[in-house]
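K.L.:
Can you keep this structure in mind? I'll have questions shortly.
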């Protein structure tokens, strides 16, 4: 094993940060619905892919700028998310059963995607794709930078909303003790539907980022589950900044492994990290 | 008994299938069904029964696959000889994992699920990057299949049928055994289970090892079934996800639930393999899954099981009492262990301290409890009374000092061991096992407490204590159907069924109406009268004065008074602690 | 509450009814050919190509009076990209559906699973894209993808021959590969071959199949800066690595991709001059092979109609078509549906296919290594090596 050059290492770390930001963005909605609504929403990944395909469709066929598609996708997904929550809360689904119901939903959405877009590969050709900035010896590609900025700003916005606004405080109160919160006049049902809508809209935003940086095929949606779950658990359920932070830690640790040794060992590092965090600091989640 | 007969009949009928000359496909298809039955049922033994949901079934299955693939293809072992090794390897991994994970109290629920999933990925990465596989996959074409059936399809069918029958029999047996009782209690409230005498760590380890061994064996057979194994396919997320789906669909609290779920999912997913519209079929699988979970949230067997409605139907009936019970009746069993005579010290605390984050909850407490007495333990909120109970019962370990119970130093013992030698407690807010009937709640302590009865004897014992506490008519109800008073009495029954020498009662009277308090006071007297020593932690002065032979008072973690009720109550320090008049009495 | 439940039930029943209506099965005419394909799951992108080709071939076959004057029915099942399911479905095809002949599924793992079943029932198995010839130990299996018996040696030599004849023969090589069995073993062969031919290996690394993060790998290639990169990539991995290299403003002087997804790669500007393996491209001399031109035209139309993003015929579609051609040739020549008779004939005869002439008399029933080297030139794939297969006037281009 040769020691890599500082440039190589720095470039690898940079790409780890970028992919980690995407883990964080994908994990944000998952973490919120898991931690605050006690719903383990597996269909979050299917929704993200649906968002990615819609963005692809609007951009490729309709000629819409991929970022503008977000304005269509976010409200649409908000409604979708609220509807899913309606179904889950109507039947008072337990957290574990929510995993299964949303798995069923995932299978349905995957089938719909494959039916409409086929299993063939789809790549969104955007004008952003070819733009790369230089910072000294390092390269910063625009799509990744956009993903990073979107991820960070959404995570911070959600965090600030939860922490500083009355709405956010009410949501957290309802998550901690619903009956008490209700006694203080918090309308928990509306809040939960609202939050679920936001989570789905976040999935849509993550989908747009996926479309910006990745080639799409329906079954790929399962490829993200393991690592994003890891980011959510390390980051802490219900936390807005946690998954972003944890995602970046995972991304960077994998990138460094890939730069130093055989890249095929990379999963060992991230998942060992997860195991250690779970055993040493189980209280985090 | 009829379950066993039916099960045996079905097993024998299925074993005869290869002799009917059906097309081999049916055997192969049934092989797949059995394969998933084994994986789902073996998963359920730990995860369903105890609620420790594992997402690591892929790791144990996959380790079995690679154990057989490596031994048979590289080391030329005979195929059948590899299967015990596949099982042992998987069980070994499960035990090693359990040894680490089951000691960390907080790793439950989702954390356990994720941890086991992470272990799967780590294992896959190791196998992919070492000579076990290395990347090209392992091809088992040169491995010969023993001729158990007339055709290879029959052989696989019979092997997997045998494994499935064994797995179901084990799952059935465990559900009825001491182990299963412990696991179900862990599912509902692990801390309480441990304190009531369930060796939770060992229960989880044994269940995990058995489940992993079965999954490993299934992996070993499957390696030869697919004949070409690769890391990506073997350790894909499909295995753990499918197994959980199947079990929850069928019902995780029933031994046969996962098998039903496995059969249903394998059949409907197979149904969508033909025709021009496989996508519509796939979507239909998703729709069916959603529908079943929404309308049968406890799974198919959990919802259809006749036992679910039984409790309501029998509520009005009064079960036949084993021992005619009534106030003043003295014919009660004595504590199981009685090694010393009345008047001797049964519990001695010497200089016991316990601090949380620097705050002293117990500060050098020295206290004796004498056999046959009722000791009232008083103190304002936060004075350390509950901590004392938790330290004595072993739930918290003391930072310093010694605790001797019945002549044995117990300060380093796990709670279940303390319970075993005759120490029982109740909870201020009753913590019954929510999914077990009132009767089963009590049966548990009779099995795991000092008498360590068999399930059959425990049933008799439990009914006796339900009679004693007047809950006999509620024997088959679920705890949620009881009112607070009844739930407190369930706490009593549960503690008493373990035939304790010493019973720690944590604010049993709080929240009760005056009439209920009177009946509880009567009950406590009767408990003492039949030979059990009692420590009564209580706020309610009136009841303590009425009941206690002696009183001890805690304030800010220190023992400030001890003696006869009237003497103690007269002390200035006690008055100060209670009435808050003096600033600091303890000095 | 009750109303909602009824509404949900009604909705579910409605969806189920639709699903049922959609899957009505046709009734079966005489010659029945059975296969499974990965119509759903991770291999579906390629599985659907084979489905399309099979449909086209059966149509053409029936239009010219079927097999032995009997109509042909193709029974195709979805193995969901799973080996154990493929195995079970082949058993169903043989013992329950009692099909006359078999065709293989898609992807090496599933083909091996099917091959074991075929062997047990003494059925001939013609398969399309099987990547590891040495694992094909059954003597009645026939590959439609003519890799030769030892592609790990022969094919790297073809690629390095092509480069040696280029204006800038490489002196250093980097071998990077996915740990996907059928590309990994060729990459390992490429290392050996390169060493024998005196190329200096400046980098070797491998990654787990399913890897999402190619930035560090690209950075390491850039750091090693080889004259030539051999990329053992399958499916999207090629594109992912190319994009990652573009993002750090790097393009190797010469680069080869084993089995990339052809559509996405040819469309990517950064893939300019990238090389890849193929057995068929949509130009002469391949189009001069019997039936090739007509098939390409039909496939282009049908793929477009089916909504595929990539409608071109290349390795997968051509191998699939070839499999059917082999089957038809053997049945027509022997006038038999007997697996043993057909297999015997195939071992001793050559078959004219759109790939060229195929023979099956080498080790593992493999014949010549007909793998060609193609290159992205002006937004399309062009075969550049060996000269006899190259597009008219096409030459290997270097940066």
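Residue numbers (this note's numbering), protein chains in the order written: chain A, 598 to 882; chain B, 797 to 1383; chain C, 66 to 464.
Note that the Cβ used here is the ideal one computed from N, Cα and C, for glycine as well.
Note that the structure is a prediction, hence the values are computed from the model and not measured.
(1) Just to check my reading of the structure: residue 217 of chain C and residue 171 of chain C have Cβ atoms closer than 8 angstroms, yes? What is that Cβ distance to the nearest angstrom?
(2) Strictly below 8 angstroms CB to CB, what residues from chain B border residue 178 of chain C?
(3) Under the DSSP definition of a beta bridge, which residues are partnered with residue 935 of chain B?
(4) Taking Cβ positions only, does residue 914 of chain B come closer than 9 angstroms to chain A?
(5) Which residues, taken in chain order from the segment 618–633 of chain A, show a beta carbon closer than 7 angstroms to some beta carbon of chain B?
(6) Between residue 822 of chain B and chain C, is the shortest Cβ-Cβ distance under 9 angstroms, so that the two count as touching?
(7) Could you give the uninterrupted runs of the alpha helix (DSSP H) lying entirely in the segment 930–982 of chain B, keeping only those of 4 residues or more?
(8) For residue 1161 of chain B, count neighbouring C-beta atoms within 10 Å of its own C-beta (all shown protein chains included) and say buried if the count is 16 or more, exposed if not.
(9) Under 9 angstroms between the Cβ atoms of residue 98 of chain C and residue 144 of chain C?
(10) Please determine, among A/681, A/682, A/650, the residue with the shortest C-alpha to C-alpha distance to residue 667 of chain A.
(11) For chain E, is any of its Cβ atoms less than 9 angstroms away from the one on residue 1018 of chain B?
(12) Taking residue 874 of chain A as the reference, which of A/859, A/851, A/847 has the closest Cα?
(13) Which residues of chain B have a Cβ atom closer than 8 angstroms to the Cβ of residue 859 of chain A, listed in chain order?
(14) For residue 409 of chain C and residue 190 of chain C, what's the separation of their Cα atoms in angstroms?
(15) Looking at C-alpha atoms only, which residue of B/839, B/1352, B/885 is the closest neighbour of residue 1159 of chain B?
(16) Exposed or buried, what is residue 955 of chain B when buried is set at 16 or more other beta-carbons lying within 10 Å of its beta-carbon?
(17) For chain C, check one thing: does any of its Cβ atoms lie closer than 9 angstroms to the Cβ of residue 1027 of chain B?
(18) Using a Cβ cut-off of 7 angstroms, which residues of the segment 932–963 of chain B contact any Cβ in chain C, in chain order?
(19) With a threshold of 6 angstroms on Cβ separation, who are the neighbours of residue 318 of chain C within its own chain once the five nearest residues in sequence on each side are excluded?
(20) Sort A/687, A/610, A/722, A/712 by Cα distance to residue 661 of chain A and report the nearest one.
(21) Step through the CB atoms of chain A and report whether any lies within less than 9 angstroms of the CB of residue 284 of chain C.
(22) Mind listing which residues of the segment 607–618 of chain A have their C-beta closer than 8 angstroms to chain C's C-betas, in chain order?
(23) Quick one: what's residue 1348 of chain B bridged to in DSSP?
(24) In angstroms with no decimal places, state the Cα-to-Cα distance between residue 1199 of chain B and residue 845 of chain A.
(25) Three-state secondary structure (DSSP) at residue 736 of chain A?
(26) List the residues that DSSP assigns as beta-bridge partners of residue 272 of chain C.
(27) Could you give the residue range of the alpha helix (DSSP H) that holds residue 655 of chain A?
(28) Using three-state DSSP, classify residue 1243 of chain B as helix, strand or coil.
(29) Evaluate contact between the segment 342–358 of chain C and the segment 103–115 of chain C, counting only Cβ atoms and requiring at least three cross-stretch pairs below 8 angstroms.
(30) Just the Cα atoms here: how many angstroms apart are residue 301 of chain C and residue 776 of chain A?
(31) Which of helix, strand or coil does DSSP assign to residue 1333 of chain B?
(32) Helix, strand or coil for residue 371 of chain C? Go by DSSP, reduced to three states.
(33) Find the residues of chain B that neighbour residue 297 of chain C, judging by a C-beta separation of less than 7 angstroms, and give them in chain order.
(34) Check whether the Cβ atoms of residue 861 of chain B and residue 1015 of chain B lie closer than 9 angstroms to each other.
(35) Taking CB distances under 9 angstroms as the criterion, tell me whether residue 383 of chain C reaches chain B.
(36) For a contact defined as C-beta to C-beta under 7 angstroms, what are the partners of residue 1078 of chain B on chain A?
P.N.:
The relevant details are as follows:
(1) To locate residue 217 of chain C, count along the third chain from 1; it is residue 152. To locate residue 171 of chain C, count along the third chain from 1; it is residue 106. Not a contact, Cβ separation roughly 22 angstroms.
(2) In the third chain, the residue the question calls residue 178 of chain C occupies position 113. In chain order, 1022, 1023, 1024 make up the part of chain B whose C-beta sits under 8 angstroms from the C-beta of residue 178 of chain C.
(3) Within the second chain, residue 935 of chain B is the residue found at index 139, counting from 1. DSSP lists B/1024 as the beta-bridge partner residues of residue 935 of chain B.
(4) Counted from its first residue, the second chain places residue 914 of chain B at position 118. Yes, residue 914 of chain B lies at the interface with chain A (some Cβ there is under 9 angstroms from its Cβ).
(5) Listed in chain order, the positions of the segment 618–633 of chain A with a beta carbon within less than 7 angstroms of a beta carbon of chain B would be empty, since no residue qualifies.
(6) Here residue 822 of chain B is taken as the residue at index 26 of the second chain, counted from 1. Under the Cβ criterion of 9 angstroms, residue 822 of chain B is counted among the residues facing chain C.
(7) Runs of the alpha helix (DSSP H) inside the segment 930–982 of chain B: 948–972.
(8) By one-based count along the second chain, residue 1161 of chain B stands at place 365. Counting every other CB atom within 10 Å of its CB across the protein chains shown gives residue 1161 of chain B a total of 16 or more, marking it as buried.
(9) On the third chain, position 33 is the one that residue 98 of chain C refers to. On the third chain, position 79 is the one that residue 144 of chain C refers to. Cβ atoms of residue 98 of chain C and residue 144 of chain C: not closer than 9 angstroms.
(10) If you number the first chain from 1, residue 667 of chain A lands on position 70. When each option's Cα is compared against that of residue 667 of chain A, the closest is A/650.
(11) Checking the listed chains, one finds no chain E in this structure; the protein chains it contains are A, B and C.
(12) Counted from its first residue, the first chain places residue 874 of chain A at position 277. Cα-wise, what sits closest to residue 874 of chain A is A/847.
(13) Taking the first chain and counting its residues from 1, one reaches residue 859 of chain A at position 262. Those are 925, listed as they occur along chain B.
(14) The residue labelled residue 409 of chain C in the question sits at position 344 within the third chain. The residue labelled residue 190 of chain C in the question sits at position 125 within the third chain. So the two alpha carbons sit approximately 13 angstroms from each other.
(15) Translated into the one-based positions of the second chain, residue 1159 of chain B becomes position 363. Its Cα nearest to that of residue 1159 of chain B, the residue B/1352 stands out among B/839, B/1352, B/885.
(16) For the purposes of this step, residue 955 of chain B is taken as residue 159 along the second chain, with counting starting at 1. With 16 or more other Cβ atoms within 10 Å, it is buried.
(17) Counting from 1 along the second chain, the entry for residue 1027 of chain B is found at position 231. Yes, its Cβ sits closer than 9 angstroms to a Cβ of chain C.
(18) Answer in chain order: 932, 933, 935, 937, 948, 949.
(19) The residue given as residue 318 of chain C occupies position 253 in the third chain. Excluding five sequence positions before and after residue 318 of chain C, the CB atoms of its chain that fall closer than 6 angstroms to its own CB belong to 292, 464, given in chain order.
(20) The residue given as residue 661 of chain A occupies position 64 in the first chain. Distance from the Cα of residue 661 of chain A is smallest, within the candidate group A/687, A/610, A/722, A/712, for A/722.
(21) Locating residue 284 of chain C in the third chain gives position 219, where the first residue counts as 1. Any Cβ of chain A closer than 9 angstroms to the Cβ of residue 284 of chain C would place that residue at the interface, and such an atom is present.
(22) Taking 8 angstroms as the Cβ-Cβ cut-off against chain C, the residues of the segment 607–618 of chain A that qualify are 608, 609, 611, 612, 613, 615, 616.
(23) Here residue 1348 of chain B corresponds to residue number 552 of the second chain, with the count starting at 1. According to DSSP, residue 1348 of chain B bridges with B/1173, B/1358.
(24) In the second chain, residue 1199 of chain B corresponds to position 403, counting from 1. In the first chain, residue 845 of chain A corresponds to position 248, counting from 1. Computed Cα separation, rounded: 49 angstroms.
(25) Along the first chain, read from residue 1 onward, the residue named residue 736 of chain A stands at position 139. In the structure shown, residue 736 of chain A sits in a strand (DSSP, three-state: E or B).
(26) On the third chain, position 207 is the one that residue 272 of chain C refers to. Within the DSSP secondary-structure output, residue 272 of chain C pairs in a beta bridge with C/243.
(27) Counting from one through the first chain, the residue named residue 655 of chain A turns up at place 58. For residue 655 of chain A, the uninterrupted alpha helix (DSSP H) run begins and ends at 640–657, by DSSP.
(28) Your numbering for residue 1243 of chain B matches position 447 in the second chain. Here residue 1243 of chain B sits in helix by DSSP.
(29) Contact between the segment 342–358 of chain C and the segment 103–115 of chain C is absent, because fewer than three Cβ pairs lie under 8 angstroms.
(30) On the third chain, position 236 is the one that residue 301 of chain C refers to. On the first chain, position 179 is the one that residue 776 of chain A refers to. Approximately 51 angstroms between the Cα atoms of the pair.
(31) The residue you call residue 1333 of chain B lines up with position 537 of the second chain. Strand.
(32) Residue 371 of chain C sits at position 306 when you count from the first residue of the third chain. Residue 371 of chain C sits in coil when the DSSP states are folded into three classes, being neither helix nor strand.
(33) The sequence position of residue 297 of chain C within the third chain is 232, counting from 1. What residue 297 of chain C touches in chain B: nothing, since even the nearest Cβ is about 10 angstroms away.
(34) As a first step, residue 861 of chain B is located in the second chain; it is residue number 65 there, counting from the start. As a first step, residue 1015 of chain B is located in the second chain; it is residue number 219 there, counting from the start. In this structure, residue 1015 of chain B lies closer than 9 angstroms to residue 861 of chain B by Cβ.
(35) Position 318 of the third chain, counted from the start, is the residue given in the question as residue 383 of chain C. No, residue 383 of chain C lies away from the interface with chain B (no Cβ there is under 9 angstroms from its Cβ).
(36) Locating residue 1078 of chain B in the second chain gives position 282, counting from the first residue. Correct list: 704, 708.
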